[in-house]
Amino acid sequence: MKHSKDPFEAAIEGEQEESPPDSPLSGSGRGGGANDDGLVEVDKKSKTSSFVAEGKSKDEDDEEEEENMEAELTKYPTTANPAKMATMQVILSQFTEDQMSRYESFRRSALQKANMQKLLQGVTGSQNISMPIKIVTCGIAKMFVGELVETARVVMGERNDSGPIRPCHIRESYRRLKLQGKVPKRTVPRLFR
-9 MKHSKDPFEA
1 AIEGEQEESP
11 PDSPLSGSGR
21 GGGANDDGLV
31 EVDKKSKTSS
41 FVAEGKSKDE
51 DDEEEEENME
61 AELTKYPTTA
71 NPAKMATMQV
81 ILSQFTEDQM
91 SRYESFRRSA
101 LQKANMQKLL
111 QGVTGSQNIS
121 MPIKIVTCGI
131 AKMFVGELVE
141 TARVVMGERN
151 DSGPIRPCHI
161 RESYRRLKLQ
171 GKVPKRTVPR
181 LFR
C-alpha cells in the first residue's frame, strides 16, 4: 500500500532535504553513538540494557519507546504521488479559513497511546501490547471519529442547525454509519440490555 504525503509533510520533508548531511534532520543516522549536536542515537539492543542500568520507571520507558518508534518510522522511505500532491494542493487552496482551521486541528489531534493501551489490554487480556499495534489502533480510531464528525456535520446541514455539533447529531451520525456498515458488529451478543 502506497503512503501518500500531504502538503504539510511535504513541506517538512523539503526542509529536511535542505539540512546538512550530518544534521539529525537529514535522516542519515550513524549506527549508534553521538551526533555533532550532542544527540545520542540508540540501537534496540542497547536500549533494553540501558533501561535496566539506569533504573527508569515504566512510564519513562514507554515515552522513550514512543520517541524511538517515531524516529524509526521516519527512516522508512515514502513515495509521494505527484498527481495526488497537486490535487491536495488545489483542495487546500480552496479551503475557507474555518475549514483550514478544522483540517489543521484534525492533523494535530491524536488519541493518547496510554488510554489506547488500557483499552487494548481490556479487550485482548494481554499485558504486552506492542507500539505498532497501539499506533495503528489509534490511527483507525482517529479515522472513525473523523468520519463520525464529518457525518454529524452533514446531519447539521440537513437540519439547518448551526454552532457546535450536539449529541443528537452524533447519535444520528452513528446510526447512519451503522446502516452503511461502517461500524463493526458485535460478534458476542450482550448479556444484559
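Residue numbers for the sequence shown follow the numbering used here, so the first one is -9 and each next one is one higher.
Backbone N, C-alpha and C define an ideal beta-carbon position, used for all residues, glycine too.
Taking A100 as reference, the option from P179, T127, P174 with the minimal CA-CA separation is T127.
Here E162 has V145 as same chain residues with Cβ atoms under 7 angstroms from its own Cβ, once five neighbours each way along the sequence are excluded. Contact check for K124 against K103 passes: the beta carbons are separated by less than 8 angstroms. Taking a 10 Å sphere around the C-beta of T114, we find fewer than 16 other C-beta atoms and assign the residue as exposed. Under the three-state reduction of DSSP, N105 is assigned to helix.
DSSP places D88 in the helix class (H, G or I) of the three-state scheme. Taking the CA atoms as reference points, V173 sits about 9 angstroms from R166. In the three-state scheme derived from DSSP, where H, G and I count as helix and E and B as strand, F96 is classed as helix. With a 10 Å radius around the Cβ and a threshold of 16 neighbouring Cβ atoms, L138 comes out buried.
If you look at K74, you'll find it in the alpha helix (DSSP H) that goes 72 to 83.
The continuous stretches of alpha helix (DSSP H) do not include V173, and DSSP gives it neither H nor E.
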